[in-house]
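As structure tokens, the structure follows; a few thoughts come after it.
Numbering (our numbering), first residue to last: 8 to 451.
Written as structure tokens, this is what we have:
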């Protein structure tokens, strides 16, 4: 049995370790820029798939599948990003008789289209944010629908993510410009200019539920992650459980997440994302059909190895916890350490890491592919490491994270370490009093 890991960085190592623990062989692929990467050194086999840019390597389906056939792998694990949510890549794997560790292509198509996903959620009885019924084709149609929804509202790309193709519209006279700009950005980033309108919720929290579902229809949720601390719609700090979610609301939102998994005939590990407003109302936002960057906080509070579960589900096994009641133990936090310069508008800071020391100790975990002497190359995302801590309660977890960030030492490049320390030490974080725009109001 062999798994090809169609990714790089810390997630490639994460999958590699899970496969090794299951006594499954591993095949790494890498770009020329990653020839000295840890996942290349630690895999059982490794093959170069192209030049440094993603389009020539980690997004090159033909090259990846050629290696998969050559190496006679049984499955491909896509990680997150790159091809992880590509229905086309999923279909090509099937046509090459190679298993894919993730959902079926039809599920990826449906849930990857935000308009279709909202429709599925609505039919399943899950609350959705008021908005247009499907995509909006013209400015005139947008103006007419906007008068029904009311302002403020959002113009959002139907495909893609990462905050691209989204515009906030406060007044009617702003709508035409925002509509055109959103369509153009969506086309440039996702190859489709489809957009829809949605009511803008003021200062919501971003609450997402981890789900697992096997081919036998067994589905469970593993509690929530509060991912409200975002900078320009990019997650910065995540925690589980949420500091403000009461048990009854957790139950209702978790049940809605499982309904979404069933309605989309989901397979594997996925995440259902909701927006939660101050009156306790919650609304379906989207579903991510892959493992999430922030999955370790769920692992820390549940004791479930999500990547192993992904692999075992793909192998046709039933969920290991399908008959076990969910139990969240303690509290977990994750801080993303990125090679970026907060003093220079968070500009990327690629370069050589001349010295690196990661924190350690009871309840401290670091997911990273970096080491002293490693290069942070400019071709990919700027993540250096994820610092994850677990405590018996939230206060202990915060204390551990402060200690871990204090011990973390990275030399040779600029990072957001001090920025993270500032967040963790803030009054708003201590009190759990934050929302999706808190960091944008804080600075940068």
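Note that beta-carbon positions come from the ideal geometry of N, C-alpha and C, so glycine has one too.
Given that a residue counts as buried once 16 or more other Cβ atoms are within 10 Å of its Cβ, and exposed if not, what is residue i?
| i | result |
| --- | --- |
| residue 451 | A caution first: residue 451 carries a pLDDT of 47, below 50, which makes its placement in the model too unreliable to give a value. |
| residue 186 | buried |
| residue 145 | exposed |
| residue 354 | exposed |
| residue 214 | buried |
| residue 223 | exposed |
| residue 229 | buried |
| residue 310 | exposed |
| residue 22 | buried |
| residue 342 | buried |
DSSP on residue i, reduced to helix/strand/coil?
| i | result |
| --- | --- |
| residue 44 | coil |
| residue 234 | strand |
| residue 381 | coil |
| residue 394 | strand |
| residue 191 | helix |
| residue 342 | strand |
| residue 317 | helix |
| residue 291 | strand |
| residue 451 | Because the pLDDT at residue 451 is just 47, under 50, the model does not fix this residue reliably, and the value given afterwards should be weighed accordingly. Coil, per DSSP. |
| residue 144 | coil |
| residue 67 | coil |
| residue 198 | coil |
| residue 11 | strand |
| residue 347 | strand |
| residue 186 | helix |
| residue 126 | helix |
| residue 136 | coil |
| residue 77 | helix |
| residue 149 | helix |
Mind checking which residues open and close the beta strand (DSSP E) that includes residue i?
| i | result |
| --- | --- |
| residue 278 | 275 to 283 |
| residue 178 | Taken as a continuous stretch (DSSP letters only), residue 178 belongs to no beta strand (DSSP E), as it is neither H nor E. |
| residue 371 | 371 to 375 |
| residue 241 | 241 to 247 |
| residue 442 | That residue, residue 442, is in no beta strand (DSSP E); it is neither H nor E in DSSP. |
| residue 32 | 32 to 38 |
| residue 18 | Where residue 18 is concerned, there is no enclosing beta strand (DSSP E), although the alpha helix (DSSP H) it sits in stretches over 16 to 28. |
| residue 363 | 362 to 364 |
| residue 54 | 52 to 57 |
| residue 82 | 82 to 84 |
Residue i lies in the alpha helix (DSSP H); which residues open and close that run?
| i | result |
| --- | --- |
| residue 263 | 254 to 270 |
| residue 212 | Residue 212 -> not in any alpha helix (DSSP H); beta strand (DSSP E) instead, spanning 212 to 220. |
| residue 119 | 112 to 119 |
| residue 406 | 401 to 414 |
| residue 426 | 424 to 431 |
| residue 1 | Outside the displayed range of the chain (8 to 451) lies residue 1, so it cannot be described from this structure. |
| residue 95 | 94 to 102 |
| residue 306 | 302 to 309 |
Pull up the distance between the alpha-carbon of residue i and that of residue j, whole angstroms please.
| i | j | result |
| --- | --- | --- |
| residue 47 | residue 139 | 47 Å |
| residue 251 | residue 267 | 23 Å |
| residue 114 | residue 431 | 37 Å |
| residue 108 | residue 82 | 7 Å |
| residue 128 | residue 403 | 37 Å |
| residue 239 | residue 399 | 31 Å |
| residue 15 | residue 38 | 9 Å |
| residue 220 | residue 50 | 28 Å |
| residue 183 | residue 206 | 16 Å |
| residue 120 | residue 414 | 42 Å |
| residue 177 | residue 260 | 29 Å |
| residue 33 | residue 20 | 10 Å |
| residue 193 | residue 367 | 42 Å |
| residue 42 | residue 94 | 28 Å |
| residue 279 | residue 249 | 15 Å |
| residue 380 | residue 401 | 35 Å |
| residue 171 | residue 40 | 27 Å |
| residue 253 | residue 231 | 11 Å |
| residue 294 | residue 433 | 31 Å |
Restricting to Cα atoms, I'd like to know which of the options is closest to residue i.
| i | options | result |
| --- | --- | --- |
| residue 272 | 372, 226, 337 | 226 |
| residue 157 | 304, 318, 179, 147 | 179 |
| residue 264 | 383, 324, 20, 131 | 131 |
| residue 233 | 262, 442, 327 | 442 |
| residue 208 | 262, 56, 285 | 285 |
| residue 345 | 35, 364, 282, 394 | 394 |
| residue 125 | 365, 391, 449, 203 | 203 |
| residue 247 | 274, 217, 241 | 217 |
| residue 106 | 10, 190, 189, 36 | 10 |
| residue 133 | 288, 428, 276, 408 | 288 |
| residue 388 | 45, 277, 17 | 17 |
| residue 321 | 308, 154, 101 | 101 |
| residue 299 | 86, 78, 103 | 86 |
| residue 244 | 91, 382, 405, 282 | 405 |
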